Amino acid sequence: MRATIRDVAREAGVSIATVSRVMRDSDAVRPATRDRVRAAASALEFVPSQLGRQLAERRHAANGIVFPDLSGPYYAEVVLGYESVAAELGRSVLILSTRGREEADAAVHAMAERCDGLVILGRTVSDESVERLAARGAHVVLVARPPVGGVDSVNAENHTSARALTQHLLDLGAHRLVFVGDPSTSPDVAERFAGVQEVSTDVELHHVDDLDETAGAHLVGDYLNRALPDAFICANDELALGMLGRLRAAGVDIPGRVKVTGWDDVMAARYAGLTTVRQPMRDLGSTAARLLDELIVGTRSTPRHEVLPTQLVIRTSTTLGKEHA
C-alpha cells in the first residue's frame, strides 16, 4: 500500500503537523528533525499529495479570470493566452463573465474565495472593489485597465498608435473623421479617442452600446441616409468589419469614398483587408498569468505595470497601395 503522512510521522517519531511542515519546506522545524522526517519519507517512498499540500497551505491550484463578455475574438484571445500559461504552471482556470450580472462585485469577491488569485479584465468591477480585494490580501492583476493602488496591471499601448493611425488618414486626404465607440465605458477606447483628438481637430464621436458587427452594420445604415465622413475610426475590428460589409453591400467605394479602420487585428481583419492596430491579445493574457503566479508563489511583492507595444497595420480599407505593417 502507498505510504501516508501518518506512516511517515510514526516512522520519524513526530506529529503529522511536523511532517506537513517539512514537506512544505517550512523553517519552523529544527534541522535534525527535518532530516529525520525526510529520511523516513525516503525509506517509505512517500509522495506528498498535491491536494493535501493545497489544503495545508490554503491553496486551490486555481486562478480566476473576470471579463465583461464571453463573446468576441478579443476576449477569447486574451483568455487563451492566460489559460495556456496557467496550464503550464499547473493551475486550472475559473472564468467569470460579468455581462448581465447586477451584483458583479459580489460575484468577483465570491470567486476570490475559491482562487489563489484573480485577473480582472477591463472595467468589470469598480476601483473600490479592487482595493477591497487587495486589502484582504487577494492576489490581483488588472488587464486593459489603469493601475489601482499597488495592484499589478498589464495594458497594451493605445495613445501613440492612435496618433499614428489618425495621421495616416490625414496624409491620405481624409479630414472629416468619425470615431465609433464609447470612451466612458473602456479605458482602452478612451485612450484611443484621446490620441485621435490630439492629431485631428475635426473628429465626431459616435457612441454605440455594443462593439460588435451588428452595431457597425446598423450605424452604416444611418450614415447612408446622410453625408458619409471621409473615414470611420472604429474602437475595435468587430465594429469595423460590420461597417465594411454593409458599405460594400451598398456599393460604396472603399477606400475611395470612405476609409474604415479598426483595432486589435483579429484574424477576420486580415482577410477583409482592414487597416487596424495590432495589439498582442494573447500576450496580455499570458503576461497577466505570469505576474499573478509571481505574487502567488511569493517571488515578488512590489507591484509591476507592464505596457505591451502595438503596431499600425495598413491594408486596403484605407489605401489601395501595397499593404504593410
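According to the working numbering, the sequence shown is numbered sequentially starting from 2. Positions of the beta carbon are idealized from the N, C-alpha and C atoms, including for glycine. All values derive from a computational prediction rather than experimental measurement.
Hey, out of Met244, Ala228, Ala191 and Thr277, whose CA is closest to Leu220's CA?
In the sequence shown, counting from the first residue as 1, residue 220 sits at position 219. Of the candidates Met244, Ala228, Ala191 and Thr277, the residue whose Cα lies closest to the Cα of Leu220 is Met244.
Is the beta carbon of Leu166 sitting closer than 7 Å to the one on Thr262?
Mapped onto the sequence shown, residue 166 falls at position 165. Mapped onto the sequence shown, residue 262 falls at position 261. Yes, they are a contact pair.
What distance in whole Å lies between the Cβ atoms of Asp284 and Gly73, which are believed to be in contact at a cut-off of 8 Å?
Counting from one through the sequence shown, the residue named residue 73 turns up at place 72. Counting from one through the sequence shown, the residue named residue 284 turns up at place 283. Wrong, their Cβ atoms sit about 18 Å apart, outside the cutoff.
Where are the beta strand (DSSP E) runs, 3 residues long or more, that stay fully inside the region 243 to 302, in chain order?
260 to 262 and 277 to 279
On the DSSP letters alone, give me the boundaries of the alpha helix (DSSP H) that Ala13 sits inside.
Numbered from 1 along the sequence shown, position 12 holds the residue referred to as residue 13. From DSSP, the alpha helix (DSSP H) with Ala13 extends over Ile6 to Ala13.
Between which two residues does the beta strand (DSSP E) containing Asp153 stretch?
For this step, residue 153 is matched to residue 152 along the sequence shown. Per DSSP, Asp153 belongs to the beta strand (DSSP E) from Asp153 to Ala157.
For Gly65, the three-state DSSP class (helix, strand or coil)
Within the sequence shown, the letter at position 64 stands for residue 65. Looking at Gly65 - three-state DSSP - the assignment turns out to be strand.
What would DSSP say about Gly118, mapped onto helix, strand or coil?
Counting from 1 along the sequence shown, the entry for residue 118 is found at position 117. Reduced to three states, the DSSP call for Gly118 is strand.
Would you check if the distance between the CB atom of His160 and the CB atom of Glu205 is smaller than 7 Å?
As a first step, residue 160 must be located in the sequence shown, where it is residue number 159. As a first step, residue 205 must be located in the sequence shown, where it is residue number 204. Result no, Cβ atoms of His160 and Glu205 do not sit closer than 7 Å.
With three or more C-beta pairs closer than 8 Å as the rule, is the region 289 to 307 touching the region 268 to 275?
no
In this structure, how does DSSP classify Val94 when only helix, strand and coil are distinguished?
Indexing the sequence shown from 1 puts residue 94 at position 93. Of the three classes helix, strand and coil, the one that applies to Val94 here is strand, per DSSP.
Is it a yes or a no for the region 63 to 78 touching the region 26 to 40, going by three-plus beta-carbon pairs under 8 Å?
Contact fails: fewer than three Cβ-Cβ distances are below 8 Å.
Given Leu45, which residues of its chain have a CB within under 8 Å of its CB, disregarding the five upstream and five downstream residues?
Taking the first residue of the sequence shown as position 1, residue 45 is located at position 44. For Leu45, same chain residues with a beta-carbon under 8 Å away, outside a window of 5 residues either side, are Ala4, Asp8, Val9 and Glu12 in chain order.
Since Asp189 and Ala145 should fall inside the 8 Å C-beta cutoff, what is the C-beta to C-beta distance between them, to a whole number of angstroms?
Position 188 of the sequence shown holds residue 189. Position 144 of the sequence shown holds residue 145. Confirmed, about 5 Å.
Same chain, Cβ closer than 6 Å to Ile121, five either side skipped, listed in chain order:
Here residue 121 corresponds to residue number 120 of the sequence shown, with the count starting at 1. The answer, listed in chain order, is Val67 and Leu143.
Bridge partners - Phe180, DSSP secondary structure assignment:
In the sequence shown, counting from the first residue as 1, residue 180 sits at position 179. Its beta-bridge partners are Leu206 and Ile234.
Since I believe Asp203 is in contact with Arg177 (beta carbons under 8 Å), could you give me their beta-carbon distance rounded to a whole number of angstroms?
Residue 177 sits at position 176 when you count from the first residue of the sequence shown. Residue 203 sits at position 202 when you count from the first residue of the sequence shown. About 6 Å; that satisfies the 8 Å criterion.
Give the secondary structure of Glu307 by DSSP, where H, G and I count as helix, E and B as strand, and everything else as coil.
To locate residue 307, count along the sequence shown from 1; it is residue 306. Strand.
Among the residues of its own chain, which have a CB less than 6 Å from the CB of Ser93, if the five just before and after it don't count?
Start at 1 with the first residue of the sequence shown, and residue 93 comes out as number 92. Residues Ala63 of the same chain have their beta carbon placed closer than 6 Å to that of Ser93, with the five preceding and five following residues left out of the count.
Touch check for the region 247 to 261 and the region 124 to 143: three-plus C-beta pairs under 8 Å?
no
Same chain, Cβ closer than 8 Å to Val30, five either side skipped, listed in chain order
Residue 30 sits at position 29 when you count from the first residue of the sequence shown. If the five residues before and after Val30 are omitted, its C-beta is found closer than 8 Å to the C-beta atoms of Thr19, Arg22, Val23 and Val38, all from its own chain and listed in chain order.
Residue interval of the beta strand (DSSP E) (run including Val142):
Taking the sequence shown and counting its residues from 1, the one referred to as residue 142 is at position 141. Counting along the chain, the beta strand (DSSP E) containing Val142 begins and ends at His140 to Val144.
Tell me which residues share the same chain as Asp70 and place their Cβ nearer than 7 Å to its Cβ, disregarding the 5 neighbours each side in the sequence.
In the sequence shown, the residue the question calls residue 70 occupies position 69. Once the five neighbours on either side are set aside, the close Cβ partners of Asp70 are Tyr76, Ser98 and Arg100.
Below 8 Å on the Cβ atoms is my guess for Thr276 versus Ser162; work out the distance and round it to an integer in Å.
One-based indexing of the sequence shown puts residue 276 at position 275. One-based indexing of the sequence shown puts residue 162 at position 161. Contact flag wrong, Cβ pair sits at about 12 Å.
Here's the rule I'm using: 16 or more other beta-carbon atoms within 10 Å means buried, otherwise exposed. How should Arg35 be labelled?
Stepping through the sequence shown from its first residue, residue 35 is reached at position 34. Classification of Arg35: buried, given that the 10 Å Cβ count is 16 or more.
State buried or exposed for Ala88, treating a residue as buried only when at least 16 other CB atoms are found within 10 Å of its CB.
On the sequence shown, position 87 is the one that residue 88 refers to. Exposed, by the Cβ-count rule.
What is the DSSP secondary structure of Val190, reduced to helix, strand or coil?
Within the sequence shown, residue 190 is the residue found at index 189, counting from 1. DSSP places Val190 in helix when its eight states are reduced to three.
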